[in-house]
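Trainee: When the letters of the sequence shown are read in order and numbered with our numbering, they come out as residues 19 to 377.
Where a beta carbon is used, it is the ideal one built from N, C-alpha and C, also for glycine.
Just so it is clear, the structure is predicted and the values come from calculations on it, not from any experiment.
Below is a structure I'd like to ask you about.
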Amino acid sequence: MGRHWNVLTAVLLLLPVWTSARADIVWLEKEYNFGTFKEASGPVTGRVRFVNKGPEATFISRVRPSCGCTGASYTEKMIEPGDTAVVEFTYNPIGRPGKFDKTVKVYVGSENKLYVIRIAGTVIGSESTLESVFPHNGGDLRFETSRLLAGEVRRGSPRHVYLNVYNQSADTVTPSWSGASDVIAVDVAPKSIPPGETATFSFFLQTVNEKRNGPVEYHVGIYPAPGQKGDPFGVDVNAVVVADSSAMSAEQIDNGPRAYLVPEFVDFGDVDKKGSLSFSFDILNDGRTDMKVDKVYSTNEFVKIDRRPKKVKAGRQSTVEGKLDIDGIPVGPFRIKVDVVTDDPLHPVRTANLVGDRK
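Written out as structure tokens, the structure reads:
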């Protein structure tokens, strides 16, 4: 055993010994700001450098930008003591108006020590991009949309929806607004928007203060500056408020109303006529207590509801009647929703579908 051990020791002593000195580098820059530049100018390039202060040569093993909008290159040869290495990065502004703040991860040496470089700037968007990303023009500000959909919200539950805006003016703007209430609160961040930069409006629905069930709409007017006169840019926030069943017991839910639509699909088949088409469907209450019908509506402007029940007794059904203005429907297959809002604790919103193929 001792003889074998001596032989193994001798062999190990003959093998070369590889050591890896820890990289000792000093960054000359660890961030880069491109400033404000136009999207039409195309990609822009910046760079940062570091000096190898260690006793051994080192190297950059890899560089990883934080997003696909940024490309990078770097010194690929060994970096001897006292030498300077360069990391270059190119930001592509096409389709990305506004302020940006990105990172570039740099891994150095055999131990892959991580360094994070920050790059930032502001892109002045081209007209074509602004029309695509912020298609609604509101004077100094451009908006993503003029209509926000908050969806179905149970009474008492809060809901946030957001809207991005872009300052297309040459001055910093501080927006103001009208239309806030105890139901909808409005805020913007940042409060002041520099030229070429974006901000986000938040709309906070406090449905505990909403007295209505069914579809609701809140209109908010946004001005680019406090106290500004003239017509504001209008933003409509839409939601469907339904009854809250979270505090109900299992017994209460089991004994409550139960809504079904019969049929769920009203099929007009091939439609080659003009004018309006009449339709109807029944609201069936398959529950154990009477059911309140809060609303029957369609977001499609070509649907008109002529008749609907306000209440459906337990075990009974009642009819909804309406008309579809077929002249406003594009040629081809169509599917139009009609929503029914009730106090069914499990399914407060049921949807009927008007389907067909306009020739």
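Could you please give me the residues that DSSP links to Lys117 through a beta bridge?
Mentor: Beta-bridge pairing links Lys117 to Thr140.
Trainee: Out of Ser263, Ala203, Arg326 and Gly333, which one is the CA nearest neighbour of Leu356?
Mentor: Going by the sequence as given, residue 356 is Val instead of Leu. Measuring from the Cα of Val356, the nearest candidate turns out to be Arg326.
Trainee: When DSSP labels each residue in this structure, what does Ile344 get in the three-state scheme?
Mentor: In this structure, Ile344 counts as helix in the three-state DSSP scheme.
Trainee: Leaving out five residues before and five after Thr369 in sequence, what residues of the same chain have Cβ atoms less than 8 angstroms from its Cβ?
Mentor: Closer than 8 angstroms at the Cβ level, and outside the excluded window around Thr369, lie Leu279, Glu282, Lys355, Val356, Asp357 and Val358.
Trainee: Got a sec? Which residues, its chain only, sit under 7 angstroms from Lys71 by beta carbon, not counting five neighbours each side?
Mentor: Closer than 7 angstroms at the Cβ level, and outside the excluded window around Lys71, lie Asp42, Ile43 and Val44.
Trainee: Which residues in the same chain as Asp312 place their Cβ atom closer than 6 angstroms to its Cβ, once the five residues preceding and following it in sequence are excluded?
Mentor: For Asp312, where only same-chain residues beyond five positions count, the Cβ hits under 6 angstroms are Asn231, Gly232 and Val359.
Trainee: On the CB-based measure, 16 or more other CB atoms within 10 Å of its CB, does Met309 come out buried or exposed?
Mentor: Buried.
Trainee: Specify the secondary structure class of Thr63 as computed by DSSP and reduced to three states.
Mentor: In the structure shown, Thr63 sits in a strand (DSSP, three-state: E or B).
Trainee: What does the Cβ neighbour count give for Val226, buried or exposed, with the cut at 16 atoms within 10 Å?
Mentor: With fewer than 16 other Cβ atoms within 10 Å, it is exposed.
Trainee: Excluding the 5 residues flanking Ser187 on each side, which residues of the same chain have their C-beta closer than 7 angstroms to its C-beta?
Mentor: Around Ser187: Asp158 and Pro213.
Trainee: Consult DSSP for Thr335 and reduce its assignment to one of helix, strand or coil.
Mentor: What sits at residue 335 in the sequence shown is Gln, not Thr. In the structure shown, Gln335 sits in a strand (DSSP, three-state: E or B).
Trainee: Does DSSP classify Asp205 as helix, strand or coil?
Mentor: Three-state DSSP puts Asp205 in a strand.
Trainee: Since Gln270 is in the alpha helix (DSSP H), which residue starts that stretch and which ends it?
Mentor: Counting along the chain, the alpha helix (DSSP H) containing Gln270 begins and ends at Ala268 to Asp272.
Trainee: Could you give the uninterrupted runs of the alpha helix (DSSP H) lying entirely in the region 273-326, keeping only those of 4 residues or more?
Mentor: The qualifying runs do not exist here; there are none.
Trainee: Beta carbon of Leu223, beta carbon of Pro176: below 8 angstroms?
Mentor: A contact, by the Cβ cut-off of 8 angstroms.
Trainee: What does the alpha-carbon distance come out to for the pair Val349 and Gly340?
Mentor: Distance between the alpha carbons of Val349 and Gly340 is about 21 angstroms.
Trainee: Under the three-state reduction of DSSP, which class applies to Ala261: helix, strand or coil?
Mentor: Correct three-state label for Ala261: coil.
Trainee: Comparing alpha-carbon positions, which option in Ala138, Gly113 and Ala257 lies nearest Thr63?
Mentor: Selected option, being the one with the closest Cα: Ala138.
Trainee: Which stretch, first to last residue, makes up the alpha helix (DSSP H) that contains Thr147?
Mentor: Run containing Thr147: Glu145 to Val151, per the alpha helix (DSSP H) assignment.
Trainee: By the three-class DSSP mapping on this structure, what secondary structure does Thr190 have?
Mentor: Looking at Thr190 - three-state DSSP - the assignment turns out to be coil, as it is neither helix nor strand.
Trainee: Does Asn231 come out as helix, strand or coil in the three-state DSSP assignment?
Mentor: Coil at Asn231, not helix or strand.
Trainee: If Thr255 sits next to Val179, beta carbons under 8 angstroms apart, how far is it from one beta carbon to the other, in whole angstroms?
Mentor: Per the sequence presented here, residue 255 reads as Val, with Thr not at that position. Confirmed, about 6 angstroms.
Trainee: Roughly how many angstroms lie between the CA atoms of Tyr184 and His154, to the nearest whole one?
Mentor: So the two alpha carbons sit approximately 10 angstroms from each other.
Trainee: Taking Val104 as the reference, which of Asp285, Ser150 and Val122 has the closest Cα?
Mentor: Per the Cα distances, Val122.
Trainee: Using DSSP with H/G/I as helix, E/B as strand and the rest coil, what is Val349?
Mentor: The answer is coil: DSSP assigns Val349 none of H, G, I, E or B.
Trainee: In angstroms with no decimal places, state the Cα-to-Cα distance between Phe299 and His365.
Mentor: Approximately 18 angstroms between the Cα atoms of the pair.
Trainee: So is Arg160 buried or exposed if we call it buried at 16+ other beta carbons inside 10 Å?
Mentor: Classification for Arg160: buried.
Trainee: When DSSP builds the beta bridges, which residues end up paired with Asn371?
Mentor: Answer is Phe283 and Lys355.
Trainee: Report buried or exposed for Asp324, applying the criterion of at least 16 other Cβ atoms within 10 angstroms of its Cβ.
Mentor: Exposed is the call here.
Trainee: Buried or exposed for Val373, going by 16 or more other Cβ atoms inside 10 Å?
Mentor: Exposed, since its Cβ has fewer than 16 Cβ neighbours within 10 Å.
Trainee: Closest to Val253 by CA distance: which of Lys331, Thr163 and Lys292 is it?
Mentor: Per the Cα distances, Thr163.
Trainee: Pop quiz: Gln270 and Ile301 are said to be a contact at Cβ under 8 angstroms. What is the actual Cβ separation, rounded to whole angstroms?
Mentor: Incorrect: roughly 21 angstroms between the Cβ atoms, too far for contact.
Trainee: Which residues mark the beginning and the end of the beta strand (DSSP E) in which Pro83 is found?
Mentor: Segment Ile78 to Pro83, the beta strand (DSSP E) holding Pro83.
Trainee: If you count every other CB in all the chains shown that lies within 10 Å of the CB of Leu167, and 16 or more means buried, which is it?
Mentor: Leu167 comes out exposed.
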